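Visitor:
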Amino acid sequence: MPKQRFMTLPRHILEGEKKHPEATGELSALLSQIALAAKTISLEVNKAGLADILGFTGETNTHGEQVKKLDMFAHEIMIRALDHGGHFCVMASEEEEDIIHIPSHHDIGKYVILFDPLDGSSNIDANVSIGTIFSIYKRISPEGTPGTLEDCLQPGTEQVAAGYIVYGSSTIFVYTTGEGVYGFTLDPAFGEFLLSHDDIKISKTCSIYSLNEGNYKYWNNGLKKYIKYLQDADDQRGKPYTARYIGSMVADVHRNLLYGGIYIYPADKRSPTGKLRLMYECNPMAFIVEAAGGRAICGHRRIMEIEPESLHQRVPIYIGSEEAVNEVEKYLKEYGDVDLTN
Ligand code: P6P
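Numbered continuously in my numbering, the sequence shown closes out at residue 420.
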């Protein structure tokens, strides 16, 4: 990896904002608050096996999924880190059915944040990489008033920033404000995120595909034919594609961002609208991958152009290297795709 200048995350964000005279520095401040939350979550994730925070809380979340203690810990850390800085007017989390209001004794800001506090948490006990995903908008309701559901339900094209933190062999904070994608690795020695991946660009072509092939029998014909093509592919690469699926979207998308690849969670007969959430998984990842030169579609439409209908709505997603997304889009159009109905 090329030697990077000693560039910390706060300094990088501030330098990015200097390019925009109208910037108030507020985006820098709120991204730094998210980084602080990420450091706290990283500490707990890295010792989860030691502390009694493994296993289930016995509760289930708004989607009927068993909640692991670390999910709730990450959810609470994100709220505590972000609800008092005066930057946000409203928040939304995968772990909370409704929007999360800013306590009345705190100032109300002009930004909106939606987040998945700990995606891939079913992997926690197996020490597999997991992650936090966030998406940031400007409010559309009147300044100074409590934020609304409408503030949260904006199309992904309106995002002003998005990012994820992947808790793996190291903790990496990746973000974009639409002008480039930047990765920072946490140096635990002194608790700073240092620039380690400057201006990430995803390869236009790739040899990696990521999806749960155990769902093969539920797939539509377009996807079945596409995956068969990848397995038979013997073109200039001289070999088929490689299958890599971690079962943790943040980890799979991060690897594909760096190595090239396509991540797929399709609509299928069992999940007619897919599994991944539009507002705090698909939209932020789409913003990041497109800013890195890739594509993100739901099958027949750009993910970020979908008009949201509800906070936790699911959409199919095909995201990654441009050539691979173009190819799967052709197969879905030609051979059928269950989500073409919507
Ligand atoms: P499956 C984790 O639960 C998640 O939301 C993504 O992070 C991951 O890619 C996917 O679901 C895994 O789902 O059905 O393949 O186990």
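From the three backbone atoms N, C-alpha and C, an ideal C-beta is built for every residue, glycine too. Fair warning: this is a prediction, and the values are worked out from it, not measured in the lab.
#1: My output table needs one value for residue 327: the three-state DSSP class, helix, strand or coil.
#2: In angstroms with no decimal places, state the Cα-to-Cα distance between residue 328 and residue 405.
#3: In terms of residue numbering, what span does the alpha helix (DSSP H) encompassing residue 156 cover?
#4: State the DSSP-derived secondary structure class of residue 163, mapped to helix, strand or coil.
#5: Should residue 353 be listed as close to the ligand P6P, given that the test is whether its C-beta is under 8 Å from any heavy atom?
#6: Report whether the distance from the Cβ of residue 328 to the nearest heavy atom of the ligand P6P is below 8 Å.
#7: To the nearest angstrom, how far is the alpha carbon of residue 397 from that of residue 407?
#8: DSSP three-state label for residue 268, please.
#9: Mapping the DSSP letters down to three states, classify residue 138 as helix, strand or coil.
#10: Out of 331, 411 and 251, which has the shortest C-alpha to C-alpha gap to residue 88?
#11: Look at residue 240 and residue 163 and say whether their C-beta atoms are less than 9 Å apart.
#12: Determine the closest residue to residue 296 out of 260, 352, 323 and 277, with distance taken between C-alpha atoms.
#13: Use the C-beta contact count for residue 180: other C-beta atoms within 10 angstroms, 16 or more gives buried, fewer gives exposed.
#14: Would you identify the three-state DSSP class for residue 179, choosing helix, strand or coil?
#15: So what's residue 88 in DSSP terms, helix, strand or just coil?
#16: Could you check the C-alpha separation between residue 79 and residue 265 for me, to the nearest Å?
#17: Relative to the C-alpha of residue 350, which residue among 263, 363, 377 and 357 is closest?
#18: Could you tell me whether the stretch 298 to 317 touches the stretch 355 to 375, using the rule of 3 or more Cβ pairs below 8 Å?
#19: Give the single residue among 286, 233, 208 and 271 whose Cα lies nearest to the Cα of residue 365.
#20: What is the DSSP secondary structure of residue 393, reduced to helix, strand or coil?
#21: Could you tell me whether the stretch 334 to 343 touches the stretch 276 to 291, where touching means 3 or more Cβ pairs closer than 8 Å?
#22: Only counting runs of 4 or more residues, tell me where the alpha helix (DSSP H) segments fall wholly within the stretch 202 to 236, in order along the chain.
#23: Among the residues of its own chain, which have a CB less than 6 Å from the CB of residue 91, if the five just before and after it don't count?
#24: Say the cut is 8 Å; is the CB of residue 305 nearer than that to a heavy atom of the ligand P6P?
#25: With a cut-off of 8 Å, do at least 3 Cβ pairs link the stretch 186 to 194 to the stretch 207 to 222?
#26: Would you report the Cα separation of residue 362 and residue 400, rounded to the nearest angstrom?
#27: According to DSSP, is residue 113 helix, strand or coil?
Guide: On the basis of the data shown:
#1: helix
#2: 23 Å
#3: 147 to 160
#4: coil
#5: yes
#6: yes
#7: 11 Å
#8: coil
#9: strand
#10: 251
#11: no
#12: 352
#13: buried
#14: strand
#15: helix
#16: Confidence at residue 79 is low in this model, with a pLDDT of 49, below 50, so its placement is unreliable and the value that follows should be read with caution. Near 16 Å, if we compare the C-alpha coordinates of residue 265 and residue 79.
#17: 377
#18: no
#19: 233
#20: coil
#21: yes
#22: 227 to 230
#23: 106 and 109
#24: no
#25: yes
#26: 17 Å
#27: helix
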